[in-house]
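J.:
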Amino acid sequence: MARARKLLLISPQATFFGRNPQHQRFKRESREFQFFDYTWTGFATGLVIVGSLTPPGWDLHYIDENIEPVDFDEDADLVALTGMTAQADRMYEIAAQFRARGVPVVAGGLHANLLPFEVARHVDSVCVGEAEALWPQVIHDFTHDGLKPMYRQTTRADLSVVPRPAYELAQQRYYPSIWVETSRGCPHSCRFCAATIRYRDKLGYKTVDQVIREVEYVQERWDNPYVLFSDDNFVVDRNRTRELLSRLVPLGIKWSGQSDVSFYKDPEILDLMHESGCMTMLIGFESVSTETLDGIDERNWKFRNLSKYVEAAKTIQDHGVGVYGAFTLGLDTDTKDSFEATAQFVKENYLAGIQVSCCTPFPGTPLRDDMERENRILPDKSWSYYTVFDAVYQPKHMTPEELEEGALSVYRSFYNREFSLRKTRHFKSIYRNLVKKKVEREQALATTGRSMV
Ligand code: SF4
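Residue numbers 1 to 453, in the UniProt record's numbering, belong to the letters of the sequence shown in order.
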């Protein structure tokens, strides 16, 4: 019988939060911030998708370098690497070690999509596009004619027919949250967004049945899994969102997702989110300044919606769904006052959590083009600084150090014991109201004889 081939699926180490000592110290010392870090940690989704597309006859070993070291002497016929830009330097080091042993290396993922020709200099083969459209060909070529240096996707993968990701590969590791993807893409095209560059032409969706089957599969393997829906924007197709949420209700999971703010006007979605176990939605507010939001996305959608931010945050949280506000600081109209304005907004509105990033010019984005033209990219900041918490370009109205310190000051004023206690009291009163309303509704149903018997 032929020996099984072995594929190593490797996610390189990454720094979470800024690399500078103040950021790392805050991360170590703030218990309130550690909860944020904990909630948003998960496995590399691209690799479990590659695992699901690899035919029988291969042994698969999934390695997350943030959890376990890579054994460079491990037997392997092929190595698949993925990574965001902050992981690129490490991705190249890992590739070099395996290639020195004669083990071919294939790279995909976000950075490979942003800079394929750079990545191609370090690996045997680069995948540009979605794994579902490319990996079967990679495996075929590896076993027959030899790998090509580059695989480019020509048409979008039909997500409604893709296999379930091989979640079981990540099952043996400890992950606080399990990423499940229901769709890809976002209609907003923000100038700095690297995540959606691949999907700007068209959003892709899994069917609701597929998603439910995946969540059930995850539930069979993890005790009380906390599901993180990794979609760039969970609420784009409202009818689908409603149907999906209704089907999630009986599963009894706890979950978080990411979206824009638009769903706050849809009471049915808000109720269904709460009933289906949605604990938080991460919402990309980006800024609380009209000037900064002007032109931030292709249709100026965020600029037009700024006046609704306060009402939106209140409405969503009053429905029992916490709002994690995502903010991007250091854009050209931001000044040192922007930090205080952001801190004030997130505290006055009692957001459940925040992610405050230093605006980062990722390769391939319109923002990067501007920064390169203006010669403002900091040459001493290698890819490993593209964490979104480190300043990697020269802001207009402050120094890079002031940008990092300013962003950290917003974290400090939000993630501390005193504000956490105030926030807890605020949320307790919301939950008391929700319980009261539920009891009143049930009593009204009982007295009008419309209750289910
Ligand atoms: S809203 Fe978020 S996901 Fe969508 S394009 Fe903007 S930054 Fe990217």
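Note that CB positions come from ideal geometry on N, CA and C, so glycine has one too.
Under the DSSP definition of a beta bridge, which residues are partnered with A80?
T.: Paired residues: L9 and V106.
J.: Is the beta carbon of H426 within less than 7 Å of some heavy atom of the ligand SF4?
T.: Incorrect: H426 has no Cβ contact closer than 7 Å to the ligand SF4.
J.: Please determine, among E181, S384 and V392, the residue with the shortest C-alpha to C-alpha distance to T85.
T.: That would be S384, whose Cα lies nearest to the Cα of T85.
J.: Strictly by DSSP, which residues pair up with C193?
T.: Answer by DSSP bridge pairing: none, since C193 is not bridged.
J.: Which residues neighbour the ligand SF4 when neighbourhood means a C-beta less than 5 Å away from any of its non-hydrogen atoms? List them by chain order.
T.: Per the Cβ criterion, the list is C186, H188, C190, C193, T196, D232 and G284.
J.: Closer than 7 Å by C-beta to P400: which residues in its own chain qualify, once you throw out the five before and the five after it? Chain order, please.
T.: Cβ within range, chain order: L378, A391 and Q394.
J.: Just how far apart, CA to CA, sit R5 and V439?
T.: So the alpha carbons of these two residues sit roughly 60 Å apart.
J.: How many Å lie between R191 and P366 at the Cα?
T.: Cα to Cα, the separation comes out at about 5 Å.
J.: Where do the ends of the alpha helix (DSSP H) carrying R99 lie?
T.: Its alpha helix (DSSP H) spans residues A88 to A100.
J.: How is E442 classed by DSSP in three states: helix, strand or coil?
T.: Residue state, collapsed to three classes: helix.
J.: On a Cα-Cα basis, can you pick out the residue from L134, Y167 and D124 that is closest to residue 475?
T.: Residue 475 cannot be examined here, being either before or after the span of the chain that is shown, 1 to 453.
J.: In this structure, what does DSSP give as the bridge partners for Y62?
T.: Y62 pairs with L9.
J.: Taking the alpha-carbon positions, what's the V103 to F362 distance?
T.: Using only the alpha carbons, I get a separation of about 30 Å.
J.: Is it buried or exposed for P56, if we count other Cβ within 10 angstroms and need 16 for buried?
T.: Exposed, since its Cβ has fewer than 16 Cβ neighbours within 10 Å.
J.: How far does the alpha helix (DSSP H) with S338 in it extend, from its first residue to its last?
T.: First-last of the alpha helix (DSSP H) with S338: D337 to E348.
J.: Looking at R28 and T387, is the spacing between their C-beta atoms short of 8 Å?
T.: In this structure, R28 does not lie closer than 8 Å to T387 by Cβ.
J.: Of all the alpha helix (DSSP H) runs that stay within the bounds of the region 181-248, which reach a length of 4 or more residues?
T.: Fully enclosed alpha helix (DSSP H) runs of 4 or longer: 208-221 and 238-248.
J.: Going by the CB atoms, is the gap between V119 and H111 shorter than 8 Å?
T.: Yes, they are a contact pair.
J.: Taking the Cβ atom as the reference point for each residue, do L270 and G204 lie within a distance shorter than 8 Å?
T.: No; because the gap between Cβ atoms is not below 8 Å, this pair is not in contact.
J.: My understanding is that A107 touches A96, with C-beta atoms under 8 Å, so please give their C-beta distance in whole angstroms.
T.: A107 to A96, Cβ: 12 Å. No contact.
J.: Quick one: using the 10 Å Cβ neighbour count with 16 as the cut-off for buried, is G406 buried or exposed?
T.: Buried, since its Cβ has 16 or more Cβ neighbours within 10 Å.
J.: Counting pairs of Cβ atoms below 8 Å between the region 262-280 and the region 331-339, do you hit three or more?
T.: Verdict: no, contact absent.
J.: Count the other CB atoms, across all protein chains shown, that sit within 10 Å of the CB of V356; report buried if there are 16 or more and exposed otherwise.
T.: With 16 or more other Cβ atoms within 10 Å, it is buried.
J.: Using the three-state DSSP reduction, which class does R417 fall into: helix, strand or coil?
T.: Three-state DSSP puts R417 in a helix.
J.: Check whether the region 321-328 and the region 277-295 are in contact - that is, three or more C-beta pairs closer than 8 Å.
T.: Output reads yes: the region 277-295 touches the region 321-328.
J.: Our contact map puts R412 next to F26 with C-beta atoms below 8 Å; I'd like the distance itself, whole angstroms only.
T.: Between F26 and R412 the Cβ distance is about 7 Å, and since that is below 8 Å, they are a contact.
J.: Could you give the DSSP three-state label for F72: helix, strand or coil?
T.: Coil.
J.: Select from Y92, G353 and L306 the residue whose C-alpha is nearest the C-alpha of S256.
T.: Minimum Cα distance to S256 is reached at G353.
J.: How do the region 216-230 and the region 167-181 stand: do at least 3 beta-carbon pairs fall below 8 Å, yes or no?
T.: Short answer: they touch.
J.: I49: which of A133, H23 and L78 sits nearest, CA to CA?
T.: For the residues A133, H23 and L78, the minimum Cα distance to I49 belongs to A133.
J.: Spatial neighbours of G252 within its chain, please: CB distance less than 7 Å, with the 5 preceding and 5 following residues excluded, ordered by chain position.
T.: Once the five neighbours on either side are set aside, the close Cβ partners of G252 are G277.
J.: How about T196 and D141: are their beta carbons less than 8 Å apart?
T.: Contact: no.
J.: In angstroms, rounded to a whole number, what distance separates the CA positions of D297 and D370?
T.: Answer to the nearest angstrom: the Cα atoms are 15 Å apart.
J.: Around the C-beta of R184, are 16 or more other C-beta atoms found within 10 angstroms, so that it is buried, or is it exposed?
T.: Buried, because 16 or more other Cβ atoms sit within 10 Å of the Cβ of R184.
J.: Apart from the five residues on each side of it in sequence, which residues of its chain come closer than 8 Å, Cβ to Cβ, to R221?
T.: Within the same chain, R221 has close Cβ partners Y167, E168 and Q171.
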